[in-house]
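For reference, the structure is listed below as structure tokens.
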Amino acid sequence: MPRHRGIYNPKNPLPYELSRSRIENFIRCPSCFYLQQVKGVVFPSFPGFNLNEATDILLKRDFDKYRGLEETHPFLINIGKHHLIPFSHPDFNLWTQSIHFASEGRMNFIHEPTNLKVGGGLDDVWINKKTNELHVIDYKSTSQRTKGKEISLNDPWKISYKRQMDFYVWVMQKKEFNISKIGYFLYCDGDRFADYSFLNSKDASMKFKMTLIPYDVDFSWVEEALYNIKSCLNLNSPPSHSKNCEYGNFISQIDLIN
Numbered sequence: 081m082p083r084h085r086g087i088y089n090p091k092n093p094l095p096y097e098l099s100r101s102r103i104e105n106f107i108r109c110p111s112c113f114y115l116q117q118v119k120g121v122v123f124p125s126f127p128g129f130n131l132n133e134a135t136d137i138l139l140k141r142d143f144d145k146y147r148g149l150e151e152t153h154p155f156l157i158n159i160g161k162h163h164l165i166p167f168s169h170p171d172f173n174l175w176t177q178s179i180h181f182a183s184e185g186r187m188n189f190i191h192e193p194t195n196l197k198v199g200g201g202l203d204d205v206w207i208n209k210k211t212n213e214l215h216v217i218d219y220k221s222t223s224q225r226t227k228g229k230e231i232s233l234n235d236p237w238k239i240s241y242k243r244q245m246d247f248y249v250w251v252m253q254k255k256e257f258n259i260s261k262i263g264y265f266l267y268c269d270g271d272r273f274a275d276y277s278f279l280n281s282k283d284a285s286m287k288f289k290m291t292l293i294p295y296d297v298d299f300s301w302v303e304e305a306l307y308n309i310k311s312c313l314n315l316n317s318p319p320s321h322s323k324n325c326e327y328g329n330f331i332s333q334i335d336l337i338n
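Here is the structure:
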């Protein structure tokens, strides 16, 4: 079945597919977004975060055990969240597939005014037995460099984490799920300060401090961003780089040398 993805073609009537990460690229720098989506510029790549991916896989595996049983995970019981249960749905595993987000059964939505098909891959969804609402869950991994510092969402770069949550809740609402405007970030914090042996006789193990952080979703920006994205895609030339765009600043420095 034909699809409209990759390099944008204004003459293609099919919905143009954009992942959540590409939408984030636009918010960070419309010029870089345009160069990638319209002109096909390939930007430098970076190695994946394999340890972060591993914690995501292990967390999902643990919660899947209780998803099938429709029971609360002991961790949630221990922190007083006994009413939160991993949500079971026939398409749940499809919802987690970010690479194939635009395929049938995945977590995507066609925004008809812009003809953009947007979506992504979820980490998890829990159902609230008190309200019967669904909560989007995002797994995060880190290792705090300051002893005793509490995990929060206040660091400047975490605005992108919040937008990620906003976007997924918006998509689920558009798909008419009974979705809560409270999302949760489940943080794994690799403990480098605790008094324990890391290296054992045959293997090594790191302990993680776990924190569940509620977040009040605000997706008021999403629809406006989609309209702005569509306008950007139809430009004849790229817009200016954002002030804080590292690629744009790098290019400007080279221009000064020449």
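Heads up: the sequence shown at position 146 corresponds to 226 in this note's numbering, and the numbers run straight through without jumps. Glycine is no exception: its CB is placed at the ideal position from the N, C-alpha and C atoms.
Ordered along the chain, which non-local residues of its own chain (more than five positions away) have a Cβ less than 6 Å from that of Arg-147? Pro-166 and Ser-168
Runs of beta strand (DSSP E) lying entirely within the segment 265–327, each at least 3 residues, in chain order: 288–296
Alpha helix (DSSP H) runs contained entirely in the segment 139–166, provided each spans 4 or more residues: 154–158
Tell me the DSSP secondary structure of Leu-131 in three-state form. helix
Rounded separation between Glu-213 and Val-205 - CA only: 10 Å
Determine the direct distance from the alpha carbon of Gly-328 to that of Val-249, and round the result to whole angstroms. 32 Å
Span of the alpha helix (DSSP H) holding Trp-250? 239–254
Helix, strand or coil for Asn-208? Go by DSSP, reduced to three states. strand
Going along the chain, which unbroken runs of the beta strand (DSSP E) with 3 or more residues stay wholly within the segment 81–121? 96–99
Once you ignore the five residues that flank Leu-98 on each side, which residues in its own chain have a CB closer than 6 Å to its CB? Leu-196 and Val-198
Hey, Asp-298 and Asp-246: beta-carbon distance below 9 Å or not? yes
Let me see if you follow: with CB-CB separation under 9 Å, is Pro-110 close to chain C or not? This model lacks chain C altogether; it includes just one protein chain.
In terms of DSSP beta bridges, what is Thr-222 paired with? Asp-269
Identify the residues that DSSP records as bridge partners of Lys-197: which are they? Glu-97 and Ile-190
Spatial neighbours of Phe-278 within its chain, please: CB distance less than 6 Å, with the 5 preceding and 5 following residues excluded, ordered by chain position. Ala-284
State buried or exposed for Asn-188, treating a residue as buried only when at least 16 other CB atoms are found within 10 Å of its CB. buried
In whole angstroms, give me the CA-to-CA distance for Lys-227 and Lys-323. 34 Å
Closer than 8 Å is the cut-off here; do at least three beta carbon pairs connect the segment 106–118 with the segment 213–225? no
Residues bridged to Leu-214 [DSSP beta-bridge criterion]: Ile-207 and Ile-259
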